[in-house]
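For the sequence shown, numbering that gives the first Met the number 0 gives the first residue as 0, with consecutive numbering after it.
The next block holds one structure in the form of structure tokens; read it before the comments.
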Amino acid sequence: MFASSEAFERAAQLRRELEAHNYAYYVLDAPTVPDAEYDRLFRELEALEAKYPELATPDSPTRRVGGAPMPELRPVRHKVPMLSIRTETDTSNGGIVAFDTRVRNALGLGETDPAVEYAGELKFDGLAISLRYEDGVLVSGATRGDGETGEDVTHNVRTIRQIPLRLKGDAPAVIEVRGEIYMRRDEFDKLNARQLAAGEKVFVNPRNAAAGAVRQLDPRIAAKRPLSFFAYGLGEVGDWKMPGTHAGLLDALAAFGFPVCELRVLAQGVEGLKAFHDRIAALRDSLPYDIDGVVYKVNRFDLQRELGFVTREPRWAVAHKYPAQEEITELLGIEVQVGRTGALTPVARLKPVFVGGVTVTNATLHNEEEIQRKGILIGDHVIVRRAGDVIPQVVAAIVERRTGMERAFVMPTSCPVCGSHVDKAEDEAVARCTGGLFCPAQRKQALLHFAGRRAMDIEGLGDKLVDQLVEAGIVKTPADLYKLGVLALANLQRMAEKSAANLLAAIEKSRHTTLARFIFALGIRNVGEATAKDLARHFGSLDRVMDASVEQLLEVPDVGPIVAESIAAFFAEAHNREVIEQLRAAGVTWEEGAPAARVAGGLSGKVFVLTGTLPTMSREDAKALIEARGGKVSGSVSKKTDYVVAGAEAGSKLAKAQELGVAILDEAGLLQLIEAE
Ligand code: IVH
């Protein structure tokens with residue numbers, strides 16, 4: 000069958016587009032599309048060329064692995080080509096089965112033959128590099144380029160501290176070590192903060208920051224960018240007794256002084272690879288660097304040789320990707336939302352896009368400055384990122400795709416909900432509606448916060464219901480909730496008798512609470528759950544908190560000037576005191592006690608993180624136990640964490656603790672610690 004003129008046109012268009020992306024990515028270090036989009040275009044062209052071989056022109060981007068070398072850097076010919084590996088596009092476990100089947104068939108293994116042993120490692124998201132050592136001394140570093148010819152970046156490679164200038168031990172006469180140069184996420188964030196402060200371009204992701212640094216002409220620039228390296232393979236070798244396996248090679252490279260990633264395994268067959276794949280998937284978001292998948296390699300070199308290559312890809316290795324965390328979509332509009340404290344937040348309305356495992360339609364844009372800094376216009380094509388549980392972010396606009404119809408976003412000068420004046424302090428990035436509880440948006444958020452699970456815990460009082468109650472004018476302040484009757488609720492849409500009764504029961508149940516929850520429920524700016532607990536413990540009664548001066552508030556552990564000021568300001572407002580009186584009058588009560596003794600519990604100042612399932616205690620119990628003794632419980636592990644309490648199926652937090660060298664306790668250890676105090 001001959002290609003139709005449509006197929007011909009499409010192939011030509013795809014070639015042009017891919018080449019433009021290649022140029023932007025490889026030559027300019029300024030990618031115009033996320034990888035997933037590039038891969039899609041690439042695969043579409045591959046498929047077209049497979050179907051109609053006459054479309055596969057010699058200049059097709061499918062004929063080469065990478066892009067053209069930068070003209071300014073000296074070209075280096077790789078004696079052993081730097082190949083790429085086949086990507087398994089099936090992101091589920093099916094990809095593993097497909098790979099193992101190919102390997103077994105090619106090796107002529109039958110069903111009764113034992114499982115093939117694989118080396119499983121991470122697919123680092125950086126740039127590939129080949130380091131040449133002669134008599135143990137680093138003589139050159141080259142990028143991959145098109146696989147045959149790369150660029151000489153020795154001057155920059157030498158600035159990377161993780162790369163040995165001289166090998167340890169008995170070095171072979173010639174050895175080319177291959178691996179990935181990458182940038183850690185924390186270093187990337189710091190770099191971007193510095194770039195921003197200096198008014199310079201910020202980078203879209205760590206990989207581009209790393210690639211940009213390595214391909215600088217001036218090594219002083221690369222030296223200022225903290226780059227890291229992991230070794231994972233070999234190029235040319237001479238006069239060396241090679242290990243017999245990939246795992247053995249990595250051990251040897253580590254012994255020469257190269258960083259080799261610890262997260263590697265020997266896996267037996269499909270089952271072993273599945274376990275590795277799933278373990279790394281769970282760890283992915285807590286790793287200190289980006290990975291876009293895992294790599295499986297047949298461990299034995301004799302089997303690798305037997306398997307050989309298909310076109311330019313080894314048959315003995317495969318890259319198994321995880322679902323993309325970045326995608327491209329259209330920014331349909333920017334809406335302004337009003338939060339509990341009046342903060343106006345611009346929210347991106349996006350054309351629905353599947354990214355990071357969910358369909359995303361909105362993304363926060365934080366504030367006006369952020370939009371300006373990123374240069375985002377309404378109508379732009381944008382890169383959207385969603386990693387782990389983190390809320391989706393708009394990373395950047397794709398300027399090349401503009402049509403001229405895009406328009407700039409302007410922050411309104413009056414509140415889009417209540418029309419009140421919008422205030423923006425000079426030293427603050429946030430614009431705020433000045434309407435306070437007059438503003439229905441703020442009122443709704445305040446009510447939702449009040450009813451929240453960690454505050455008064457009124458089950459069933461969600462978004463939609465609060466909207467209706469506020470819009471109908473039935474509820475103005477939290478105190479009004481306790482005056483609700485079946486009649487008022489019956490008039491609301493979609494409110495069946497049963498749910499009205501349930502809601503009233505939930506409200507009733509919330510009438511008695513703890514002082515800490517009550518303080519938190521008030522929604523005082525800068526007073527989160529932990530501060531509310533500190534205040535309750537320190538003062539013992541609401542009246543004492545209400546009457547405390549800024550100085551007295553500052554005596555509370557962990558309360559600084561900003562928090563003290565906002566607490567004092569809150570209680571200085573007559574209408575806030577009024578709402579509290581109304582709540583009291585409506586029969587809301589909480590436990591009060593004496594102010595805490597000066598010296599807090601034995602765990603005072605210690606920060607704990609709980610993870611996994613403990614054998615006898617619930618997480619809430621463990622938290623209460625720690626807090627009762629003055630300790631703090633935090634949600635994420637950092638250098639400030641003193642102890643991680645880990646139970647069954649503890650995942651990424653435990654791994655992070657191990658990495659940072661944080662003390663790890665089990666339930667028994669926690670109890671011992673408490674007793675010892
Ligand atoms: S092995 C012949 N191992 O992924 C096999 N590559 O297309 C050569 N990469 O350009 C590659 N982590 O930049 C290998 N653990 C790993 C890797 C890895 C990342 C990159 C590398 C290469 C691409 C493969």
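Virtual Cβ for every residue (Gly too), placed ideally from N, Cα, C.
Residues that DSSP places opposite residue i in a beta bridge
| i | result |
| --- | --- |
| E590 | T513 |
| N361 | R348 |
| C432 | V421 |
| F353 | T358 |
| K296 | A118, A316 |
| E175 | R131 |
| F255 | BP columns for F255 are empty, so no partner. |
| G237 | V173 |
| D151 | A141 |
| E87 | H319 |
| A210 | Looking at the DSSP assignment, A210 forms no beta bridge with any residue, so it has no partner. |
| P74 | E150 |
| T244 | R299 |
| G232 | R177 |
| Q267 | E116 |
N-terminal and C-terminal residue of the beta strand (DSSP E) that residue i is part of
| i | result |
| --- | --- |
| F607 | 606 to 610 |
| T328 | 325 to 337 |
| E120 | 116 to 123 |
| S633 | 631 to 633 |
| Y51 | Run containing Y51: none; DSSP gives neither H nor E here. |
| A645 | 642 to 645 |
| Q392 | 392 to 396 |
| I382 | 380 to 384 |
Terminal residues of the alpha helix (DSSP H) in which residue i lies
| i | result |
| --- | --- |
| Q303 | 300 to 306 |
| Q371 | 367 to 373 |
| Y288 | No alpha helix (DSSP H) contains Y288, which DSSP labels as neither H nor E. |
| V664 | Val is not the amino acid found at residue 664; the sequence shown has Leu there. First-last for L664: 662 to 664, but that is the beta strand (DSSP E), not the alpha helix (DSSP H). |
| R193 | 184 to 196 |
| R311 | Per DSSP, R311 belongs to no alpha helix (DSSP H) and is neither H nor E. |
| L468 | 462 to 470 |
| A654 | 651 to 659 |
| S565 | 560 to 571 |
| M494 | First-last for M494: undefined, no H or E at that position. |
| K223 | 218 to 223 |
| F449 | 439 to 450 |
| R536 | 528 to 538 |
| N525 | Per DSSP, N525 belongs to no alpha helix (DSSP H) and is neither H nor E. |
| T100 | 93 to 105 |
Within 7 Å, strictly: CB atoms of residue i and residue j
| i | j | result |
| --- | --- | --- |
| P80 | E147 | yes |
| I382 | R406 | no |
| V643 | I663 | yes |
| Q324 | R278 | no |
| G341 | Q441 | yes |
| D291 | D188 | no |
| T31 | I397 | yes |
| V416 | A430 | no |
| G539 | P594 | yes |
| N525 | S498 | no |
| A172 | D99 | no |
| I95 | K320 | no |
| A2 | L54 | yes |
| V549 | L534 | no |
| G586 | R536 | no |
CB contact check: residue i to chain B, cutoff 7 Å
| i | result |
| --- | --- |
| Y231 | The chain inventory of the structure shown lacks chain B, comprising one protein chain alone. |
Count the CB pairs spanning the region 287 to 299 and the region 115 to 129 that are closer than 8 Å, and state whether there are at least three.
yes
Between the region 216 to 223 and the region 76 to 90, do three or more beta carbon pairs fall short of 8 Å?
no
If we count Cβ pairs, one from each stretch, closer than 8 Å, do we get three or more for the region 495 to 503 versus the region 551 to 568?
no
Pairs of beta-carbons, one from the region 185 to 197 and one from the region 138 to 147, closer than 8 Å: are there three or more?
no
Three Cβ pairs or more, each shorter than 8 Å: is that satisfied between the region 427 to 434 and the region 467 to 480?
no
Please confirm if the region 440 to 458 is in contact with the region 516 to 534, defined as three or more CB-CB distances below 8 Å between the two stretches.
yes
Contact the region 170 to 182 vs the region 102 to 118: 3+ CB pairs below 8 Å
no
Any 3 or more C-beta pairs closer than 8 Å across the region 161 to 172 and the region 256 to 269
yes
Flag this pair as touching only if the region 530 to 540 and the region 603 to 616 have three or more C-beta atom pairs under 8 Å; answer yes or no.
no
Using a Cβ distance threshold of 8 Å, determine whether the region 71 to 78 contacts the region 149 to 163, with at least three qualifying pairs required.
yes
Flag this pair as touching only if the region 648 to 658 and the region 574 to 584 have three or more C-beta atom pairs under 8 Å; answer yes or no.
no
Give a yes or no on contact between the region 384 to 395 and the region 352 to 372, applying the rule of three or more CB pairs nearer than 8 Å.
yes
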